[in-house]
Amino acid sequence: MPGSARRSASPGCWPAPRRRTPRPCRLSSPRIPGRLAAPKSARYPESALTHLRIAPLLALAVALVPFALDAYLPAFPDIARDLGVPINEVGLTLSVYVFVLAAGQLVGGPLSDRFGRRPVVFAGLAVFIIGSLMVTTATSLPAMMGWRALQAFGGGWVAVSVPAIVRDQTSGRETARLFSLISLIMFIAPAIAPTVGTALMAVLGWHGIFEFLALYAMLVAVLLQTLLFPRAPVGTGRREPLAALVTNYRHVLGHGTVMMLVALQAVAFSVLLIYLTHAPFLLQNWLGLDNRAFSMVFAVNVAAMAGVSLLNRRLLHRLEPYQILRVSVPLQLTAVLALLAIIVTDAPRWLVIPGLMALIGTMGAIAPNVQASVMQFFRELGGTAAAVLGAVQFAGGGVLSALSALIVQGHAERVALAMLACACAASLLVWPVAARLRQAGPVA
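Counting in the numbering used here, the sequence shown runs from 1 upward without gaps.
Rendered as structure tokens:
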């Protein structure tokens, strides 16, 4: 009879009952208003793209910005002579570049969320190449300013896409570590840009600097096309109406913690930008360095920032970004105070060099951790968040550095006082920001 064998079986022969194996509990960070999860398709395969592979590619892309800012600085006298304008008016091409770079990021960021990172990056590179080549045809200052604006607009699209790609690729402390590694590599650009510009100018004239920038952008396009994007999903855009881009900005701008982080980055970065604005006066006029020594000190300061960035990458294995910010921002303030004391007292003037190293070096810990803290709240809107951060950083820093140029007027102590004002603002912001990030929990 059916089932008789089953009834006559000994108890030890009964089949073992099927039990469900409990799934392991998956721990996740607390849900925070404004923190968005990315679709799985937006992540790059971890086995295909390691940090050591992706960081150099993204660093080469974002290095377009410092190269275009610093490489042509030695050519200011030649440009002024060719265009028939005073040398100080050539500086307007730098100001235009900074402000349009901010505008380009505001446009490019939401577009990268809407259409994907790849088309925005390549469109930005194309515009940058065209602008660089057209600068070489300029015969007047307004024409050069216009083509520099076009160059900056394309560069903004490229620059804003890099943090969004990092956020697509990583999460948590890994985001801050990757930002640190990218910064470590990217710092090579401002260190060598004036030297490269001087060498190109000696052979090809100042036009050769912008021809080099165009070739550099072409190389970046080839490397990204062959080494990065074939291993990354192309369709990372979000299918939504263009009108939603305004809503996305409202979502980012309405996030209190993020906007405090953006303000912190802007004032801390302004300390660096004020130094860059007045470095020729401070190091050459006040300290008395020649061109060669100036370039060496400039490179040493960049090396200090790179070293701190490497240290920051190691610390992130044990510490959260907000914990590092609570130390690095007050250290920036301490370094500014030391620099001011050296300038206003009878201390040996050469002491400003280690003071500047400490001051500039702190940005190697501040910038990556602020970027990672901002990007943790927005995965799907990574481009928009990066646009707000980058635009406020460059526009705000440009305004503050321009104001400092009006008040310095040949006084070294006023340079330090302008830095001090920004460093104090950063130190006042870092404590409430760190408290909010601590309450939010570990970065996601």
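Ideal Cβ positions, reconstructed from N, Cα and C, are used throughout, including at glycine.
Owing to the predicted nature of the structure, the values given are computational and were not obtained by experimental measurement.
Item to complete: Entirely within the segment 246 to 324 and at least 4 residues each: give me those alpha helix (DSSP H) ranges in chain order.
Response: Taking only runs of at least 4 residues, the alpha helix (DSSP H) segments lying wholly in the segment 246 to 324 are 256 to 279 and 291 to 315.
Determine the extent of the alpha helix (DSSP H) in which F229 is found, giving its start and end residues. Run containing F229: none; DSSP gives neither H nor E here.
Q: Please look up how many angstroms separate the CB atoms of S112 and S161, rounded, as I've assumed it's under 8 Å.
A: Their Cβ separation, rounded to whole angstroms, is 5 Å, which keeps S112 and S161 in contact under 8 Å.
Rank M201, G104, A217 and L325 by C-alpha distance to the C-alpha of L133 and give the top, closest one. Distances from the CA of L133 to each of M201, G104, A217 and L325 were compared; the closest alpha carbon is that of A217.
| task | Give me the Cβ distance between L420 and V336, rounded to the nearest whole Å; I'm assuming they're in contact under 8 Å. | result | That belief holds up - the Cβ atoms of L420 and V336 are roughly 5 Å apart, short of 8 Å.
* To the nearest whole angstrom, what separates the beta carbons of G382 and A164, a pair I think is in contact under 8 Å? -> So it is a contact: roughly 4 Å between Cβ atoms.
* Asked: By Cβ distance, which residues of its chain are closer than 6 Å to S270, with the 5 residues on each side in sequence left out?
  -> Sequence-distant Cβ neighbours of S270 in its own chain, meaning closer than 6 Å and more than five residues away, are G397, L400 and C422.
message = Mapping the DSSP letters down to three states, classify H411 as helix, strand or coil.
response = DSSP places H411 in coil when its eight states are reduced to three.
Review point. Under a three-way DSSP split, which group does P348 fall into?
Key: Three-state result, P348: coil.
Take the Cβ of G256 as the centre, count every other Cβ of all protein chains shown within 10 Å, and call the residue buried at 16 or more, exposed below.
-> Result: exposed.
Practice task
Buried or exposed for L200, please, with buried defined as at least 16 other CB atoms from any protein chain shown within 10 angstroms of its CB.
Solution key: Buried, by the Cβ-count rule.
*Beta-carbon proximity list for N369, same chain, < 6 Å, skipping 5 on both sides*: Cβ neighbours of N369 beyond the five flanking positions: A176, P321, I324 and L325.
Problem - Secondary structure of G116, DSSP reduced to three states - result: Looking at G116 - three-state DSSP - the assignment turns out to be coil, as it is neither helix nor strand.
Measuring straight from C-alpha to C-alpha, what distance separates P330 and E211? Between the alpha carbons of P330 and E211 lies a gap of roughly 42 Å.
Under 9 Å between C-beta atoms of F298 and P432: No, these two residues do not count as a Cβ contact at 9 Å.
Check your understanding: Skipping 5 residues on each side, what residues in its chain have a beta carbon closer than 7 Å to that of T277?
Key -> The residues are S401, S404 and A405.
Exercise. Are there three or more Cβ pairs, one per stretch, closer than 8 Å when the segment 345 to 357 is compared with the segment 66 to 83?
Worked result: No: fewer than three Cβ pairs fall under 8 Å.
Which residue marks the beginning of the alpha helix (DSSP H) containing V158, and which one marks its end? In this chain, the alpha helix (DSSP H) harbouring V158 covers L141 to Q169.
Buried or exposed: A102, going by 16 or more other Cβ atoms within 10 Å of its Cβ? Under a 10 Å Cβ-count criterion, A102 is classified as buried, with 16 or more other Cβ atoms of the shown protein chains found around its own Cβ.
For the segment 359 to 369 against the segment 145 to 162, are there 3 or more C-beta pairs whose distance is under 8 Å?
With the cut-off at 8 Å, the segment 359 to 369 and the segment 145 to 162 do not touch.
Exercise. Which value, in whole angstroms, describes the spacing of the CA atoms of T139 and L340?
Worked result: Per the coordinates, the alpha-carbon of T139 lies some 42 Å from the alpha-carbon of L340.
| query | Taking C-beta to C-beta, are V158 and G124 nearer than 9 Å? | reply | Here V158 is near G124, since their CB atoms are less than 9 Å apart.
Would A365 and S309 qualify as a contact pair, given that the criterion is a beta-carbon distance under 9 Å? With contacts defined as CB atoms closer than 9 Å, A365 and S309 qualify as a contacting pair.
Self-check item: Selected residue, minimal CA-CA separation from S427, among V252, L264 and L73
Solution: Relative to S427, the option among V252, L264 and L73 whose CA is nearest is L264.
Can you look up A421 in the DSSP assignment and give me helix, strand or coil? If DSSP states are grouped into helix, strand and coil, A421 belongs with the helices.
ask   = Where does L219 land, buried or exposed, given buried means 16+ other C-beta within 10 angstroms?
value = Within 10 angstroms of the beta-carbon of L219 lie fewer than 16 other beta-carbons, which makes it exposed.
ask   = Excluding the five sequence neighbours on either side, which residues of its own chain have a C-beta within less than 8 Å of the C-beta of L227, listed in chain order?
value = Sequence-distant Cβ neighbours of L227 in its own chain, meaning closer than 8 Å and more than five residues away, are R53 and L57.
Inset, instruction - Please list, in chain order, all residues of the same chain as Y72 whose beta carbon is under 6 Å from its beta carbon, the five residues on each side excluded. - result: For Y72, the CB contacts under 6 Å within the same chain, skipping 5 residues up- and downstream, are G197 and I209 in chain order.
Residue range of the unbroken alpha helix (DSSP H) whose run includes T195: Membership of T195 in the alpha helix (DSSP H) is indicated by the continuous run I188 to L204.
Please report whether the beta-carbon of G197 lies at a distance below 9 Å from any beta-carbon of chain D.
Protein chain content of the structure displayed is limited to a single chain, and chain D is not contained in it.
| request: Write down every uninterrupted run of the beta strand (DSSP E) in the segment 80 to 105 whose length is 3 residues or greater and which is fully enclosed by it, in chain order. | output: Qualifying beta strand (DSSP E) stretches: none in this window.
What's the C-alpha gap between S47 and R118? Confidence is the limiting factor: at S47 the pLDDT is only 34, short of 50, which leaves the residue's position unreliable, though a coordinate-based value still follows. Annotation: S47 to R118 spans about 20 Å, alpha carbon to alpha carbon.
- Less than 9 Å separating the beta-carbons of G156 and G91? For the pair G156 and G91, the CB atoms are not nearer than the 9 Å cut-off.
| query | What's the call for L261, buried or exposed, on a 16-neighbour Cβ count within 10 Å? | reply | With at least 16 other beta carbons inside 10 angstroms of its own, L261 counts as buried.
Relative to the C-alpha of A266, which residue among L315, A386, L83 and V120 is closest?
Ranking L315, A386, L83 and V120 by CA distance to the CA of A266 puts A386 first.
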